[in-house]
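*Asks:*
Numbering (the UniProt record's numbering), first residue to last: 1 to 277.
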């Protein structure tokens, strides 16, 4: 049984992100060799792979019975077995660099995303934007933001927000989408929200909803590592997240290939409309 509290796991995630951040900041302007995965839009650097290795090693040292799902290497436990976990395992869902294209291009909109869960429920999560030393985190007590010059802030969304109150941060539509109607729906969404942004990191988009920089986010073609930590942070800030596979809600929530998230029901409804749900 896990004898570490959610708060202690959240602090472990914060400390791990803090340790990893200086090296990634230094690499941001010189990402080194860039490889592609599915196509030239889908890039990976040596820093993605090395950071995931470092995260796995730290997790297995502190929590040896864990199972980790990482973007670069999939499922594995401490001994390297690659089978999926059992329901009672402590699982970690990791994106070492979410927003790799931004990272490789010297932009600052990228992050480390780490979430721990058990039995389909979140335990603790953290998202770190190293360039600005900003860390969003969540556990069973709530969601929090730490950033230089400010005291730790407990997050709470504006639950009566309407789309025209703020920005929508989205990675939709996907470049390779064959659905031309997606552009029409994106434009319609733009008429509802104050303004639309497509900044390049789903995890950060979700955190921006949680802390009030945006009022909604929606996207398609996402993976568990893109969204898990952000979901937890939004939920603990009082926001709404709906994960979908097709038109059906996903179980667990982070397994949906599409999602809508928002500060309020009205903002989520606008996102659903944009996705044709």
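Note that the Cβ used here is the ideal one computed from N, Cα and C, for glycine as well.
Note that this is a predicted model, so its numbers are computed, not measured.
(1) May I ask you to report which of helix, strand or coil DSSP gives residue 119?
(2) What residue from 91, 276, 140 and 100 has the CA that sits closest to residue 63's CA?
(3) Please state the DSSP three-state secondary structure of residue 259.
(4) Rounded to whole angstroms, how far is the Cβ of residue 199 from the Cβ of residue 169, which I believe are closer than 8 Å?
(5) If you run the structure through DSSP and keep just helix, strand and coil, what is residue 149?
(6) Buried or exposed for residue 181, going by 16 or more other Cβ atoms inside 10 Å?
(7) Grab the span of the alpha helix (DSSP H) containing residue 131 for me, first residue to last.
(8) Buried or exposed: residue 261, going by 16 or more other Cβ atoms within 10 Å of its Cβ?
(9) In angstroms, rounded to a whole number, what distance separates the CA positions of residue 191 and residue 59?
(10) Just to confirm my understanding: we take residue 249, look at its own chain, exclude 5 residues before and 5 after, and list those with CB closer than 7 Å. What are they?
(11) Does the beta-carbon distance from residue 157 to residue 237 come in below 8 Å?
(12) Have a look at 173, 87, 81 and 95 and flag the residue whose alpha-carbon is nearest the alpha-carbon of residue 20.
*Replies:* With the given structure in hand:
(1) DSSP, read as helix, strand or coil, puts residue 119 in coil.
(2) Closest option to residue 63, Cα to Cα, is 91.
(3) In the three-state reduction of the DSSP assignment, residue 259 falls in the strand class, which pools E and B.
(4) A Cβ-Cβ distance of about 6 Å is found for the pair residue 199 and residue 169, placing them in contact under the 8 Å criterion.
(5) Three-state DSSP puts residue 149 in coil, outside helix and strand.
(6) It counts as exposed.
(7) In the DSSP annotation of this structure, residue 131 is not part of any alpha helix (DSSP H), being labelled neither H nor E.
(8) By the C-beta density criterion, residue 261 is buried, having at least 16 other C-beta atoms within 10 angstroms.
(9) For residue 191 and residue 59, the gap between their C-alpha atoms comes out near 44 Å.
(10) Closer than 7 Å at the Cβ level, and outside the excluded window around residue 249, lie 242 and 243.
(11) A contact, by the Cβ cut-off of 8 Å.
(12) Nearest neighbour of residue 20 by Cα position, chosen from 173, 87, 81 and 95, turns out to be 95.
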